[in-house]
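With my numbering, the residue at position 67 of the sequence shown is 717, and numbering never jumps.
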Amino acid sequence: MNKKRILSGMRPTGPLHLGHLVGALTNWKKLQEEYDCFYMVADWHALMSEYASPSVIRESIPGMVADWISCGITPQKSVIFVQSQVPAHIELCMLFSCLIPLGWLERCPTYKEQLSEIKGKNIKTYGFLGYPVLQAADILVYKAQRVPVGEDQLPHLELTREIARRFNSIYKTRFFPEPEAILTKMPRLLGTDNRKMSKNYGNFIALSDRPEVILAKTSRMITDPRRIKRSDPGRPEICNVFSYHSVFNKEGIDEVRNWCKGATAGCTECKKRLGEIIIETLRPLRQERDKLLNDRAEIEKILQQGNKKANSIASQTSRDAKRLVKFYGL
Ligand code: TRP
Ligand code: SF4
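So, in structure tokens, the structure goes:
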């Protein structure tokens, strides 16, 4: 049986959080059963925003890989690798750079959004404008047919398809497939301050947060602003704490709704319960993560194996693509 291939990646720019768990990793784990999966540490993409103090990148990588593995991504089923260890990504990116019209990049909504969201960093660079070109190379260098991503990444996937089409049309070939998104159906979790969950805002619960930290963070979450006194009934449907309960506390969700609407428990109690449930959810992950981080050699071994497999496929694709362009020497 020929499995379809998947590629996805994350940028190592800090600790992973609950948004990564429910939005991506749970899905990544399931996809391993059905697809030939490539999961990539996107360190070149991280450099585009972190180039001025890049140490966060190398410091985040072991923890990120440990988080992946503790969430059930396994090197027995998936290729886990580091983008910068596979030079063919950059070669294909350069090739695509030559044929992608500037307007496609300037119009990209994620580009404009990031420029306004990321404050205090100069990301008006040539490299950052080309972010989706490298992402297209990441995907196409494995000829991946499916890409699990969040909705925010759809414009990049559309550009990837356009780049594949353009390459195929210019060089009269059907070399690159047009990859399709696999959208995660999970509800999007907001940050603890009700804004978009983002490293830029520091409003997340990290998978590596200690229990005390989790309780402190949940206790500060915003509740229904109209529920002032404990005897005031609340509106779970507009409360972010309730959204979290509906993701992590499925069994207790009716109870929480009753507490809230019937004013039988206060928000403080409701948030404490949420904190305890998140702690329990993350406990097995944290144990596995700590174990892995105590054995860095094991993580190294996994990455080296992954890099090797990734390289053998990617270098071949890049060479074939260059051959289609009729590069000298090939
Ligand atoms: N841009 C993605 C993100 O920020 C990370 C990424 C880089 C990626 N290359 C990729 C995702 C290729 C999917 C496929 O989340
Ligand atoms: Fe939100 Fe819970 Fe308070 Fe209701 S009781 S408003 S769900 S925190």
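By construction, the Cβ of each residue, glycine as well, lies at the ideal position given by its N, Cα and C atoms.
query: What first and last residue would you give for the beta strand (DSSP E) that runs through Met-847?
result: Here residue 847 refers to the residue found at position 197 when the sequence shown is read from its first residue. Unbroken run through Met-847: none, as it is neither H nor E.
field: Distance, Arg-816 Cα to Glu-828 Cα
entry: Taking the first residue of the sequence shown as 1, we reach residue 828 at position 178. Taking the first residue of the sequence shown as 1, we reach residue 816 at position 166. Those two C-alpha atoms are separated by around 11 Å.
task: Would you kindly work out how many angstroms separate the C-alpha atoms of Gly-916 and Thr-868, rounded to a whole number?
output: On the sequence shown, position 266 is the one that residue 916 refers to. On the sequence shown, position 218 is the one that residue 868 refers to. Just so you know, the alpha carbons of Gly-916 and Thr-868 end up roughly 14 Å apart.
- request: Can you have a look at Asn-844 and say buried or exposed, based on whether 16 or more other CB atoms are within 10 angstroms of its CB?
  value: Residue mapping note: residue 844 aligns to position 194 of the sequence shown, counting from 1. Under this definition Asn-844 is an exposed residue.
- prompt: What is the DSSP secondary structure of Tyr-821, counted as helix, strand or coil?
  reply: Taking the first residue of the sequence shown as position 1, residue 821 is located at position 171. Tyr-821: coil per DSSP, three-state reduction.
- prompt: With burial defined as no fewer than 16 other Cβ atoms inside 10 Å of the residue's Cβ, what is the status of Ser-703: buried or exposed?
  reply: Position 53 of the sequence shown, counted from the start, is the residue given in the question as residue 703. By the 10 Å Cβ count, Ser-703 comes out exposed.
query: When DSSP labels each residue in this structure, what does Ala-831 get in the three-state scheme?
result: Mapped onto the sequence shown, residue 831 falls at position 181. In the structure shown, Ala-831 sits in a strand (DSSP, three-state: E or B).
query: What is the rounded straight-line gap between the Cα of Lys-769 and the Cα of Thr-823?
result: Start at 1 with the first residue of the sequence shown, and residue 769 comes out as number 119. Start at 1 with the first residue of the sequence shown, and residue 823 comes out as number 173. C-alpha separation (whole angstroms): 43 Å.
query: Would the C-beta of Phe-892 count as close to ligand 2, meaning under 7 Å from any of its heavy atoms?
result: Counting from 1 along the sequence shown, the entry for residue 892 is found at position 242. Checking every heavy atom of ligand 2 against the Cβ of Phe-892, one is found closer than 7 Å.
- request: State yes or no: is the C-beta of Lys-922 nearer than 7 Å to some heavy atom of ligand 2?
  value: To locate residue 922, count along the sequence shown from 1; it is residue 272. Flag unset: Cβ of Lys-922 not near ligand 2.
query: Can you list, in chain order, the residues of its chain whose CB lies under 7 Å from that of Leu-871, leaving out five sequence neighbours each side?
result: Here residue 871 refers to the residue found at position 221 when the sequence shown is read from its first residue. Going by the sequence as given, residue 871 is Met instead of Leu. Same-chain partners within the cutoff: Thr-842, Asn-890, Val-891, Lys-921.
task: Locate the beta strand (DSSP E) running through Asp-945, then write down its first and last residues.
output: Position 295 of the sequence shown holds residue 945. Per DSSP, Asp-945 lies in no beta strand (DSSP E) segment and is marked neither H nor E.
- prompt: Can you give the beta carbon distance from Leu-790 to Phe-826, rounded, assuming they're within the 8 Å contact cut?
  reply: Residue numbering aside, residue 790 sits at position 140 when the sequence shown is read from its first letter. Residue numbering aside, residue 826 sits at position 176 when the sequence shown is read from its first letter. Yes, they are in contact, since the Cβ atoms of Leu-790 and Phe-826 sit about 5 Å apart, within 8 Å.
Residue from Gln-785, Lys-679, Cys-748, Phe-688 with nearest C-alpha to Ala-696: Working through the sequence shown from its first residue, we reach residue 696 at position 46. It is Gln-785 whose Cα lies nearest to the Cα of Ala-696.
message: Helix, strand or coil, according to DSSP, for Ser-728 in the structure here?
response: Along the sequence shown, one-based indexing puts residue 728 at 78. The DSSP-derived three-state label of Ser-728 is strand.
task: Specify whether the stretch 682–690 and the stretch 726–733 touch according to this definition: at least 3 beta carbon pairs, one from each stretch, less than 8 Å apart.
output: Flag = yes, the stretch 682–690 and the stretch 726–733 touch.
- prompt: Which word fits Pro-642, buried or exposed, when buried means at least 16 other C-beta atoms lie within 10 angstroms of its C-beta?
  reply: There is simply no residue 642 to check, as the chain begins at 651 and stops at 980 in what is shown.
message: For the alpha helix (DSSP H) containing Met-714, name the first residue and the last one.
response: Residue numbering aside, residue 714 sits at position 64 when the sequence shown is read from its first letter. Segment 705–720, the alpha helix (DSSP H) holding Met-714.
task: Confirm the yes/no value for this check: CB of His-806, any heavy atom of ligand 1, distance under 7 Å.
output: Numbered from its first residue, the sequence shown carries residue 806 at position 156. Distance from the C-beta of His-806 to the nearest heavy atom of ligand 1 is below 7 Å.
- request: Within the same chain, show all residues whose beta-carbon is closer than 7 Å to that of Glu-801, passing over the 5 residues directly before and after it, in chain order.
  value: Looking up residue 801 in the sequence shown gives position 151. Cβ neighbours of Glu-801 beyond the five flanking positions: Leu-833.
message: The alpha helix (DSSP H) that contains Leu-697, what's its start and end?
response: Residue mapping note: residue 697 aligns to position 47 of the sequence shown, counting from 1. Where Leu-697 is concerned, the enclosing alpha helix (DSSP H) stretches over 693–700.
task: Using alpha carbons as the reference points, say which of Leu-935, Ser-705, Leu-755 lies closest to Ser-720.
output: Counted from its first residue, the sequence shown places residue 720 at position 70. Its Cα nearest to that of Ser-720, the residue Leu-935 stands out among Leu-935, Ser-705, Leu-755.
message: Any heavy atom of ligand 4 closer than 7 Å to the beta-carbon of Val-799?
response: Annotation note on ligand 4: not contained in the displayed structure, which lists ligand 1 and ligand 2 as its ligands.
- prompt: Under a Cβ-count criterion, where at least 16 other Cβ atoms within 10 Å of its own Cβ denotes burial, should Gly-873 be classed as buried or exposed?
  reply: Counted from its first residue, the sequence shown places residue 873 at position 223. Checking the sequence shown, residue 873 turns out to be Thr, not Gly. Buried, because 16 or more other Cβ atoms sit within 10 Å of the Cβ of Thr-873.
task: Could you please give me the residues that DSSP links to Ile-656 through a beta bridge?
output: Taking the first residue of the sequence shown as 1, we reach residue 656 at position 6. BP columns for Ile-656 point to Cys-687, Arg-796.
query: Under the three-state reduction of DSSP, which class applies to Ala-738: helix, strand or coil?
result: Counting from 1 along the sequence shown, the entry for residue 738 is found at position 88. If DSSP states are grouped into helix, strand and coil, Ala-738 belongs with the helices.
task: Specify, as a first and last residue, the run of the alpha helix (DSSP H) that Glu-760 falls within.
output: The residue you call residue 760 lines up with position 110 of the sequence shown. For the sequence presented, residue 760 should be read as Thr rather than Glu. Taken as a continuous stretch (DSSP letters only), the alpha helix (DSSP H) holding Thr-760 covers 759–767.
- request: Report the residue ranges of all alpha helix (DSSP H) runs contained in full by the stretch 913–979; include only those spanning at least 4 residues, in chain order.
  value: The stretch 913–979 contains these whole alpha helix (DSSP H) runs: 917–943, 946–974.
message: Under 8 Å, Cβ to Cβ, is there at least one residue of chain C near Leu-657?
response: In the structure shown, chain C does not exist; there is a single protein chain.
- prompt: For Pro-662 versus Ile-711, is the C-beta distance shorter than 8 Å?
  reply: Residue 662 sits at position 12 when you count from the first residue of the sequence shown. Residue 711 sits at position 61 when you count from the first residue of the sequence shown. Yes. Within cutoff.
- request: Tell me whether Leu-681 sits in a helix, a strand or coil according to DSSP, three-state version.
  value: Mapped onto the sequence shown, residue 681 falls at position 31. In the structure shown, Leu-681 falls within a helical segment according to DSSP collapsed to helix, strand and coil.
query: Which word fits Pro-875, buried or exposed, when buried means at least 16 other C-beta atoms lie within 10 angstroms of its C-beta?
result: Along the sequence shown, read from residue 1 onward, the residue named residue 875 stands at position 225. Pro-875 comes out exposed.
- request: Express the C-alpha separation of Met-698 and Gly-777 in angstroms, rounding to a whole number.
  value: The residue labelled residue 777 in the question sits at position 127 within the sequence shown. The residue labelled residue 698 in the question sits at position 48 within the sequence shown. If I take the Cα positions, the gap works out to 6 Å.
- prompt: Under the criterion of a Cβ to heavy atom distance below 7 Å, does Asp-882 qualify as lining ligand 2?
  reply: The residue given as residue 882 occupies position 232 in the sequence shown. Exclusion of Asp-882 from the 7 Å shell around ligand 2 follows from its C-beta lying no nearer than that to any non-hydrogen atom of the ligand.
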